[in-house]
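Residue numbers for the sequence shown follow the numbering used here, beginning at 18 and rising by one.
All C-beta atoms, glycine included, are put in the ideal place defined by N, C-alpha and C.
Since we're looking at a predicted model, the values are computed, not measured.
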Amino acid sequence: MSLKHPDYDQEIQRLKDTKEYIHKIVQLSEGKQESYKGNIKEAFVNLDHLDSSLSYINILVNAKFFDMTSSELEHLKRVEDKPYFARIDFQSQESNEPTSYYIGKVSLYKKDTQESIIVDWRSPVASLYYDGRLGEVEYKTEDRTYTGNLTLKRQLIVEDGELEEIRDIDITTRDELLQSSLSGSSDNRLTEIVSTIQAEQNEVIRSDLSKPVIVQGVAGSGKTTIALHRLSMFIYSYAGKVKPGEMMILAPNHLFIDYISEALPELGVEQIKQTTFIEYVQKCLGKKISIIHPDRKLISLLENEEDSMVKWASSFKGSLQFKHVINRYVTDLIRQFEVKESFKVEGFTLYKAKNINRLFFKEYNYLPINKRIKKIKGVLQTTFKKKRKR
């Protein structure tokens, strides 16, 4: 529990200070907005009395600053109750002590000292949270490569402005966090996965943005989530060069667009155009088109043209009865993987059978069977390396 963590009081104070600073910035931004509104109104009033060109310039400048302030204000308000989700401590070769970085969905610096308060998850140093293991690591920026020692990786569970839990991350807790995120409601999965991105997913998100990438996976494997995070990374990396309004998401249908709509503002990509391929082609051609090769099987089922056996099979596959049959089969299949003996090397017990079964049947039950086995193999190898000398 968080109350027992030795750094609990320190993290509570850090969260309090961060929330207070965000609140001050929000108030300051709201004040600036009113000032810009006043300047624009005054410029319109004086439009007929003064040099019209100067008044127009005044209006445009204040409107630009108003938009910039509105964007900053909107993002800060969105993270005010959950400013960050992780912390890493990194000591570079040039430094005498580690620097703590708190990772969130936006960047925030102190206006006077430029001291980092929150590091954007898309920044180069944040990649250490997703990819780096404790010990010697490195991360790259556009200018150079930084080498040093990663001394801490910590998950901070913050809800409604309160610190609920602190978890120092190793292999097991990393997967527990992902499981917790995936087991939540589908409405939250797209927005919360940013705190539990796995190394393989992070590699896709941060891969060369100038080259096309094909991501292949089964339904529910996270392809959409990773695509949206890659878009967010693209906007972050090319800020000032490419505007979100110049980008487009081509979706298979409007149901898909509705599904991703909740995640887009959270990831800062709400200004990207969203449409289906058919609508995009229709707009380019300037006229309506029809599908040349419709799904005759689906239409025949709807029009009762299919033979009775096929209709029965299609109906049965969509029934709860078929679901129960599949569930029983999967349950029987999984039971075959129960471990009876502990993992031993030279007579020494390194991992008890009950703990292996706990990983397989409980901790990793969100994964396919072959991936569970791969994860457990990694845990056993790590355990062996740690205990080998002893």
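Span separating the alpha-carbon of residue i from that of residue j
{"i": "S238", "j": "V232", "result": "10 Å"}
{"i": "R104", "j": "K21", "result": "18 Å"}
{"i": "E155", "j": "R405", "result": "27 Å"}
{"i": "Q338", "j": "V175", "result": "41 Å"}
{"i": "T189", "j": "F401", "result": "Interpretation of T189 is limited by its pLDDT of 42, a score under 50 that renders its predicted location unreliable; no figure is taken from the coordinates."}
{"i": "S332", "j": "E28", "result": "55 Å"}
{"i": "K122", "j": "L284", "result": "7 Å"}
{"i": "E153", "j": "Y163", "result": "11 Å"}
{"i": "G303", "j": "F251", "result": "30 Å"}
{"i": "M265", "j": "L281", "result": "12 Å"}
{"i": "Q291", "j": "L125", "result": "29 Å"}
{"i": "S112", "j": "G165", "result": "9 Å"}
{"i": "Q215", "j": "G234", "result": "15 Å"}
{"i": "L267", "j": "A143", "result": "29 Å"}
{"i": "L145", "j": "D24", "result": "21 Å"}
{"i": "P100", "j": "K33", "result": "10 Å"}
{"i": "S227", "j": "Q353", "result": "46 Å"}
{"i": "K388", "j": "N219", "result": "18 Å"}
{"i": "K369", "j": "K258", "result": "55 Å"}
Backbone secondary structure at residue i - three-state DSSP
{"i": "N372", "result": "helix"}
{"i": "V259", "result": "coil"}
{"i": "S307", "result": "coil"}
{"i": "R95", "result": "helix"}
{"i": "A236", "result": "coil"}
{"i": "Q172", "result": "strand"}
{"i": "I186", "result": "coil"}
{"i": "D34", "result": "helix"}
{"i": "L367", "result": "strand"}
{"i": "M264", "result": "coil"}
{"i": "S140", "result": "coil"}
{"i": "G178", "result": "coil"}
{"i": "L167", "result": "strand"}
{"i": "S117", "result": "strand"}
Classification of residue i by the beta-carbon crowding that lies within 10 angstroms, buried from 16 upward
{"i": "T242", "result": "buried"}
{"i": "W138", "result": "buried"}
{"i": "F102", "result": "buried"}
{"i": "I373", "result": "buried"}
{"i": "H246", "result": "buried"}
{"i": "E263", "result": "exposed"}
{"i": "Q131", "result": "exposed"}
{"i": "N270", "result": "exposed"}
{"i": "I343", "result": "exposed"}
{"i": "Y255", "result": "exposed"}
{"i": "R161", "result": "exposed"}
{"i": "L93", "result": "buried"}
N- and C-terminal bounds of the alpha helix (DSSP H) containing residue i
{"i": "Q338", "result": "337-352"}
{"i": "Q299", "result": "294-302"}
{"i": "F273", "result": "271-278"}
{"i": "S217", "result": "Residue identity check: residue 217 is Glu in the sequence provided, not Ser. First-last of the alpha helix (DSSP H) with E217: 216-223."}
{"i": "F360", "result": "Looking at the DSSP string, F360 is not in any alpha helix (DSSP H); the run it does join, the beta strand (DSSP E), is 360-362."}
{"i": "V327", "result": "325-334"}
{"i": "D148", "result": "144-148"}
Host beta strand (DSSP E) of residue i (start-end)
{"i": "G109", "result": "The identity of residue 109 in the sequence shown is Ser, whereas the question assumes Gly. Run containing S109: 103-109, per the beta strand (DSSP E) assignment."}
{"i": "D384", "result": "According to the sequence displayed, residue 384 carries Leu and not Asp. Neither: L384 is in no beta strand (DSSP E) and is coded neither H nor E."}
{"i": "S124", "result": "Neither: S124 is in no beta strand (DSSP E) and is coded neither H nor E."}
{"i": "I289", "result": "It is not in any beta strand (DSSP E) - I289 carries neither H nor E in the DSSP assignment."}
{"i": "D137", "result": "133-137"}
{"i": "V415", "result": "Residue 415 lies beyond the stretch modelled for the chain, which goes from 18 to 407, so this question has no answer here."}
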